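**Q** First the structure, then my questions, so here it is.
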Amino acid sequence: MAAAEKETLGFQAEVKQLLQLMIHSLYSNKEIFLRELISNASDAADKLRFEAINNDALYGNDHELKIRVSFDKDARTITISDNGIGMSRDEVISHLGTIAKSGTKEFFSKLSGDQQHDAALIGQFGVGFYSGFIVAEKIIVNTRRAGAFVSDGVRWESAGEGDYSIETIEKPSRGTDVILHLRAGEEELLSSWKLKSIIRKYSDHISLPIVMQKEEWDEEKKQTVVKDEVETVNQASALWARNRSEVTKEQYDEFYKHVSHDFQEPLAYTHNRVEGRSEYTQLLYVPSHAPFDLWDRNKRGGIKLYVKRVFIMDDAEQLMPTYLRFVKGVIDSNDLPLNVSREILQESRDVRVIREGSTKRVLGMLEEMANAEEQEGKDKYATFWKEFGQVLKEGIGEDATNKDRIAKLLRFASTANDTDEQTTSFEDYVKRMKEGQDKIYYVAADSFNAAKNSPHLEIFRKKGVEVLLMTDRVDEWMLSFLTEFEGKELASVAKGGLDLGKLEDEAEKKEHEETETQYKELVEQMKGALAEKAKDVRVTFRLTDSPACLVADEHELSANLVRMLKAAGQNAPESKPILEINPNHPLVTRLKYEDASGARFADWSHILFDQAMLAEGGSLADPAAFVKRLNEMLLATAK
């Protein structure tokens, strides 16, 4: 396209929405525009290094990569220039006109209109290039891809409203210039001192030199004059390559924001240089809040891979297991080849070593928070668990090597307190076990209230035995891989027969045997009435207040898990539950003396079954029949 021709194109709808949100939500932290644009320039240089591994000609006669920041008071512009990979016309349209990012729809669905909430969400999503519109009324981008002709430069221009223009220009050098035409009231940014302070605050960790024109005080003119030479504003060395003693917490926090596009500080980080079979450096962070796309298991991880400080790839998911997909950071290997691909990473022995070592480091960070004695550490782990606990539970089934370590990090709600806060560990539970208790008891349900009010808990409350309340969707899947903790069996209070072991004395056991004998005939009669619904009917002593409850056979899926599988569109094996009746409840006592051949006996039996189904959060196969029976019983009782 000739330079005289200018094509005007419309922004993707999501871009327009994001621009409006950013300008209003992020204005209070407007300095981040420079951090984001410098970060983009750094990424462009990383991509050039990577592509030049196999094509050194891309460098041309300019091998010295750097980022230049300049300003023009008269023109009211700030320019961020790099000599990185640059962009072609199609890439400009793709990168600057659309948001081609997975999770876009979910991101916009979570926006609430609350400025503080939305600002944090925009940070997670990554504001990138568009952050320039926080301070600029117009942005011009001049760019040329490395290896392209001088005449193949591209100019992109927009006022950040509904559209942008694009045209072909001549650009002598490769790379990208982003020119911001500032809004009224942003004059303070047209200052060398101000720009340098922002760069040192947010971008000191960038490994490329960030240069600015040198300024010097002219005593004769009594003013600052711009010199012909440039000076490097940042340290220009990879932060992870420095000794830990040389890096401040503030620098670690800013680097986290660079790699994660997060606005908030991380909960914890670990920085280590590992030597041995494999040599690598790791700088890993645990965020303080979950990203909007945490549950997308197909999403790439948050680890940037470098080889000998040369950037190789973003989101190297092979370096961290899926259940730790929330971890952000950098891993720099001395052993991997520079031309490593994702396919090679999957097969590499060195990658397996790095993955194992990094997993242990992350679990170590979590253990340090979980076992902290001071309140700050406890609060941090409580925050971590609230944000990422369900994801960590996936590790029980995915990481057999570290299963025991992960189990110690798990937290649950419990009958030991009345809140839904998941603060009880297995170790806490074991310390509180009653004398004679040899099992860790739990109940699984789809909500805290359903678990807390489950009829299966009645005998445990009576005896003062603690029960863990498991309400996360992942819990029952996880428990299929975790059957015991430090020699103590994990037992569902809603599966199999009730076995309280030494928690029952001999007198209780004898009384139970006698009662079972007394109700043997009723049990057989109810089996016949409920043959199509119940696998079995039996007397139970786990109930104190409820007339009946449903339990799953020892080796079958629980009703709660079956419901979740069906809700997720998966096939679940069909099995009938077992109805357990409370011999001490008046309804059951009355049924004992009902004529088993009459219609009322069958109706009572069905009502008890359906009530038990509802009490555990299930749905009835025939609600109308239940209502009809119940109404008839009420009318009969009222006569």
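Going by our numbering, the first residue of the sequence shown is number 2, and it counts up by one from there.
Where is the CB? At the ideal position from N, CA and C, for every residue including glycine.
All values derive from a computational prediction rather than experimental measurement.
Contact check, residue 339 vs residue 320 under 8 Å by CB: the rounded distance?
**A** At roughly 16 Å, the Cβ-Cβ gap does not stay under 8 Å, so residue 339 and residue 320 are not in contact.
**Q** Can you list, in chain order, the stretches of the beta strand (DSSP E) that have 3 or more residues and sit fully within the stretch 306 to 346?
**A** Taking only runs of at least 3 residues, the beta strand (DSSP E) segments lying wholly in the stretch 306 to 346 are 311 to 314 and 329 to 334.
**Q** Could you name the residues of the same chain whose beta carbon sits closer than 7 Å to that of residue 17, not counting the 5 residues immediately before and after it, in chain order?
**A** Counting only Cβ-Cβ distances below 7 Å, and skipping sequence neighbours, we find 163.
**Q** So, do the stretch 239 to 258 and the stretch 66 to 82 have three or more beta carbon pairs nearer to each other than 8 Å?
**A** Touching, no, given that fewer than three Cβ pairs across the two stretches are closer than 8 Å.
**Q** Compute the Euclidean distance between the alpha carbons of residue 389 and residue 270, then round it to the nearest angstrom.
**A** If I take the Cα positions, the gap works out to 16 Å.
**Q** Can you find the residues in the same chain that come closer than 7 Å, C-beta to C-beta, to residue 137, ignoring five residues on each side of it along the sequence?
**A** Hits under 7 Å: 181, 182, 183 and 184.
**Q** In terms of residue numbering, what span does the alpha helix (DSSP H) encompassing residue 360 cover?
**A** It spans 350 to 371 - the alpha helix (DSSP H) in which residue 360 sits, taken as one unbroken run.
**Q** Please state whether DSSP places residue 50 in a helix, a strand or coil.
**A** Note: residue 50 maps to helix in three-state DSSP.
**Q** Counting only the same chain and skipping the five closest in sequence on each side, list residues whose C-beta sits under 8 Å from that of residue 483.
**A** Here the set comprises 397, 404, 408 and 491.
**Q** Using 8 Å as the limit for Cβ to Cβ distance, is residue 583 near chain C?
**A** Chain labels in this structure do not include chain C; a single protein chain is all it has.
**Q** Report the CB separation of residue 495 from residue 559 in whole angstroms; it is logged as a contact under 8 Å.
**A** With a Cβ gap of about 6 Å, residue 495 and residue 559 count as contacting.
**Q** Within the stretch 154 to 213, note down every full beta strand (DSSP E) run reaching 3 residues or more, in order along the chain.
**A** Whole beta strand (DSSP E) segments, 3+ residues: 154 to 159, 164 to 170 and 176 to 183.
**Q** Taking Cβ positions, are residue 480 and residue 415 nearer each other than 8 Å?
**A** Going by C-beta atoms, residue 480 is not nearer than 8 Å to residue 415.
**Q** Tell whether a beta-carbon distance below 8 Å holds between residue 530 and residue 603.
**A** A contact, by the Cβ cut-off of 8 Å.
**Q** Grab me the residues of residue 507's own chain with a C-beta within less than 8 Å of its C-beta, minus the 5 sequence neighbours each way, in chain order.
**A** So the list is empty, once near-sequence residues are dropped.
**Q** Measuring alpha carbon to alpha carbon, tell me which of 10, 384 and 393 ends up nearest residue 267.
**A** Looking at the Cα atoms, 384 is the closest of the given residues.
**Q** In the DSSP assignment, find the unbroken alpha helix (DSSP H) run with residue 479 in it and report its ends.
**A** From DSSP, the alpha helix (DSSP H) with residue 479 extends over 476 to 480.
**Q** Suppose the cutoff is 7 Å on Cβ atoms and the five residues either side in sequence are ignored; what does the same chain contact list for residue 630 look like?
**A** Closer than 7 Å at Cβ, skipping near neighbours: 604, 607 and 608.
**Q** Taking the CB atoms as reference points, tell me whether residue 286 and residue 324 lie closer together than 8 Å.
**A** Not closer than 8 Å, so no.
**Q** Going straight from the alpha carbon of residue 649 to that of residue 452, what length do you get?
**A** Lying before the first or after the last residue shown, residue 649 is absent from the chain, which here runs from 2 to 640.
**Q** Thinking C-beta only, is residue 212 closer than 8 Å to residue 69?
**A** Contact: yes.
**Q** Between the alpha carbons of residue 352 and residue 346, how many angstroms are there, rounded?
**A** So the two alpha carbons sit approximately 6 Å from each other.
**Q** Residue 11 by DSSP, collapsed to three states: which one?
**A** Strand, per DSSP.
**Q** Contact check, residue 204 vs residue 36 under 8 Å by CB: the rounded distance?
**A** Contact holds; Cβ gap of about 6 Å.
**Q** Could you compute how far the alpha carbon of residue 423 sits from the alpha carbon of residue 337?
**A** If I take the Cα positions, the gap works out to 42 Å.
**Q** Can you say whether residue 103 is buried or exposed, counting buried as having 16 or more other CB atoms within 10 angstroms of its CB?
**A** Caution applies to residue 103, whose pLDDT of 49 falls short of 50 and renders its modelled position unreliable; the model cannot decide the point.
**Q** Tell me whether residue 151 is buried or exposed, calling it buried when 16 or more other Cβ atoms sit within 10 Å of its Cβ.
**A** Its Cβ having fewer than 16 others within 10 Å, residue 151 is exposed.
**Q** What are the boundary residues of the alpha helix (DSSP H) that residue 235 is part of?
**A** Run containing residue 235: none; DSSP gives neither H nor E here.
**Q** On the DSSP letters alone, give me the boundaries of the alpha helix (DSSP H) that residue 607 sits inside.
**A** That run of the alpha helix (DSSP H) goes 600 to 616.
**Q** Under 6 Å Cβ to Cβ from residue 31, same chain only, skipping five residues before and after it: list those, please.
**A** These residues qualify, in order along the chain: 135 and 136.
**Q** In whole angstroms, give me the CA-to-CA distance for residue 10 and residue 154.
**A** Distance between the alpha carbons of residue 10 and residue 154: 18 Å.
**Q** For the beta strand (DSSP E) holding residue 272, just list the boundary residues, first then last.
**A** 269 to 275 is the extent of the beta strand (DSSP E) around residue 272.
**Q** Would you decide whether residue 64 is buried or exposed? Buried here means 16 or more other CB atoms lie within 10 Å of its CB.
**A** Classification for residue 64: exposed.
**Q** Can you give me the C-alpha to C-alpha distance between residue 41 and residue 485, rounded to a whole angstrom?
**A** Between residue 41 and residue 485, the C-alpha separation is close to 49 Å.
**Q** Would you report the Cα separation of residue 86 and residue 310, rounded to the nearest angstrom?
**A** Using only the alpha carbons, I get a separation of about 17 Å.
**Q** If you follow the beta strand (DSSP E) that residue 537 is part of, which residue opens it and which one closes it?
**A** Where residue 537 is concerned, the enclosing beta strand (DSSP E) stretches over 537 to 540.
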